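A short worksheet on the structure shown next.
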Amino acid sequence: MTLPDEFVHVCLAELKDTWRNAELTIDEFSPFANRREMMGVSNELIIDRHYGLAYHAMELRSSAIWGSTADLPEYSGDHLGSAGFLRVPFRRIPRCVVRSRAEIERLVAGIRSADPSLRMLFRGQTQEHLIKRSPETSRWLFGEDGVLEPSLVTSASRRHPALEQVLPEWCALLTTFLVEACGMEDQRQFRDLTEGFGLPLFALALAQHYGLPTSGLDVTDRLDIALFFALMKFEKPRASNRANYTRQTNFEHLPVLYLLFPPESQQFEYERFRVEGFPRGRPDAQSARFMHMGWGHADNACAERIFLALYLDPEGDYDPIPSPRQLFPKDGDDPFASFLECVNTRLLPAALKRVLEEGFYVVV
0 MTLPDEFVHV CLAELKDTWR NAELTIDEFS PFANRREMMG VSNELIIDRH
50 YGLAYHAMEL RSSAIWGSTA DLPEYSGDHL GSAGFLRVPF RRIPRCVVRS
100 RAEIERLVAG IRSADPSLRM LFRGQTQEHL IKRSPETSRW LFGEDGVLEP
150 SLVTSASRRH PALEQVLPEW CALLTTFLVE ACGMEDQRQF RDLTEGFGLP
200 LFALALAQHY GLPTSGLDVT DRLDIALFFA LMKFEKPRAS NRANYTRQTN
250 FEHLPVLYLL FPPESQQFEY ERFRVEGFPR GRPDAQSARF MHMGWGHADN
300 ACAERIFLAL YLDPEGDYDP IPSPRQLFPK DGDDPFASFL ECVNTRLLPA
350 ALKRVLEEGF YVVV
C-alpha cells in the first residue's frame with residue numbers, strides 16, 4: 000500500500016513514548032467520513048507527523064477520514080468564513096479578509112461578548128504557510144483536492160539542535176546572568192529556583208523570545224503586537240546578530256492574523272514563570288505567551304487551536320502599531336539581551352554556540 004505523504008511508519012509500543020507526542024487512540028475517523036471507501040485495512044500502523052494521529056494502513060481512497068469540509072456541521076464562527084475555510088483534522092477554520100483595525104476590533108469584541116471566559120491569543124505572520132500533501136492523500140483525509148491546511152510548526156522542527164538538547168547549557172548561561180548581573184546568588188529565591196523545577200521552566204519560557212529553537216510557538220494577548228508581526232518585514236543578514244523590521248510595502252502574499260484559544264495546560268504565561276528580580280525585557284514588551292504543544296509526531300498541534308484566520312487587505316488601515324524599539328528594547332531596557340550580545344560564544348559548548356549564533360538577534 001502507498002504510504003501517505005507526511006505519514007511515517009510506527010509500531011504500537013512507540014505510541015506510548017511520551018516524547019513522540021502521539022494520540023493513543025488508533026483509527027480515529029470523522030463521523031462524516033465515507034465508510035464505504037475505507038478499504039484494505041492492514042496491521043501496519045502509520046502516523047501523521049503533524050498531528051500525531053495513528054491509523055492502520057489502508058488504500059488511499061476518497062474517504063475523507065478527517066471529514067469533508069462541506070459535510071461538517073456548522074460551528075460557532077463559521078458565518079465569518081467569507082473567504083472559505085482552512086482545514087485541520089475533524090474541523091474547519093473560517094477565513095475572512097479584513098480591511099481595517101476597527102473591523103478586527105469589532106470581530107474580536109463580538110467573539111469575547113459571546114463567551115467572556117475565553118482567553119483569546121493572537122499570532123501575526125507576514126504570510127501564511129500551508130502543509131503540502133499529494134492529491135491522493137488530500138482526498139483520503141479531507142475528501143477533496145486543494146485543501147488549505149495551515150502549518151504552524153515550531154522552530155525546533157525547523158532548526159537543530161532543539162532547546163531540549165542544549166537545555167542544561169542554556170540553564171547554566173541563565174544562572175550565570177542571575178548571579179553576575181542580578182546578584183541573586185545569596186537570595187533564598189535563587190536557591191529555590193536552581194534546586195527545584197523552576198529554572199528549566201523559566202528557561203523554556205524565556206528561550207523562544209531570544210531566538211532558541213523550541214517546541215512551542217510565541218503568541219500574544221495584544222492585537223497591536225500581532226499586527227506588528229503581520230505587517231513588518233523581518234531582515235537579518237546571514238552570520239550577523241543584527242536585524243531590522245521595516246513596514247511592508249510590496250505584498251506578494253496577504254499577511255495573516257490568527258485568533259487562537261489554547262487551554263491553560265498548553266501554554267506558558269511568561270509573567271507567571273518570571274523570576275522576581277529578573278529585569279524586564281523583550282518578553283514583557285511583547286506581552287508574551289508561549290504555546291508548548293508542537294513536538295514529536297504532533298509538530299503542528301498549534302494549528303488545531305486556530306479559531307479564525309484574518310487576512311489583511313494591503314490597502315487597509317491597521318495603525319497604530321508599536322515601533323521595533325518598543326517591542327525589542329535595547330541596552331538598559333533589556334539587560335538580558337545585552338548580556339547575550341556580549342557573551343563570548345567561543346567559550347560556549349558548540350551546540351549552544353550554534354543556536355545562539357543562528358537565532359539570537361538585536362533589532363537595530
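In numbering that gives the first Met the number 0, the protein residues as written are 0 to 363. Just so it is clear, CB atoms sit at the ideal spot from N, CA and C, and this is done for glycine as well. Quick caveat, the model's predicted, so the values are computed rather than measured.
Beta-bridge partners of residue i, as assigned by DSSP
| i | result |
| --- | --- |
| G123 | L256 |
| H55 | L44 |
| A242 | V362 |
| P149 | L129 |
| Y310 | V96 and V255 |
| E184 | DSSP lists no partner for E184. |
| R288 | V218 and E268 |
| W294 | A297 |
Collapsed DSSP secondary structure at residue i in the structure displayed
| i | result |
| --- | --- |
| C10 | coil |
| L347 | coil |
| W65 | coil |
| V178 | helix |
| R304 | helix |
| E163 | helix |
| D318 | coil |
| A336 | helix |
Residue j beta carbon less than 8 Å from that of residue i
| i | j | result |
| --- | --- | --- |
| C341 | F277 | no |
| H128 | S154 | no |
| F267 | L203 | yes |
| Q285 | L339 | no |
| G215 | F306 | no |
| P212 | C170 | no |
| I92 | A225 | no |
| D217 | P321 | no |
| R94 | G83 | yes |
| P328 | R281 | yes |
| T59 | T136 | The sequence as given places Leu at residue 59; Thr does not occur at that position. Yes, these two residues count as a Cβ contact at 8 Å. |
| E148 | L85 | yes |
| L120 | D4 | no |
Which parts of the segment 78 to 143 are runs of the alpha helix (DSSP H), unbroken and 4 residues or longer, counting only runs that do not cross its ends?
-> You should have 100 to 113 and 134 to 141.
Pairing CB atoms from the segment 47 to 55 with CB atoms from the segment 291 to 308, are three or more of them under 8 Å?
-> By the Cβ test, the segment 47 to 55 is in contact with the segment 291 to 308, since at least three Cβ pairs between them sit closer than 8 Å.
Contact the segment 339 to 353 vs the segment 246 to 256: 3+ CB pairs below 8 Å = Touching, no, given that fewer than three Cβ pairs across the two stretches are closer than 8 Å.
Answer yes if the segment 128 to 144 comes into contact with the segment 191 to 199, meaning at least three C-beta pairs across the two stretches below 8 Å, and no otherwise.
-> Judged by Cβ distances under 8 Å, the segment 191 to 199 makes no contact with the segment 128 to 144, as fewer than three pairs qualify.
Going along the chain, which unbroken runs of the alpha helix (DSSP H) with 4 or more residues stay wholly within the segment 189 to 249?
-> Qualifying alpha helix (DSSP H) stretches, in chain order: 197 to 206 and 222 to 230.
Does the segment 51 to 62 come close enough to the segment 27 to 35 that 3 or more CB-CB pairs lie under 8 Å?
-> Yes, since at least three Cβ pairs between the segment 27 to 35 and the segment 51 to 62 fall closer than 8 Å, the two stretches touch.
For the 8 Å Cβ check, are there 3 or more pairs between the segment 60 to 75 and the segment 229 to 240?
-> Cβ pair count under 8 Å is below three, so no.
On the three-pair Cβ rule with 8 Å, is the segment 255 to 271 touching the segment 116 to 131?
-> Taking 8 Å as the limit for Cβ pairs, the verdict is that the segment 116 to 131 does touch the segment 255 to 271.
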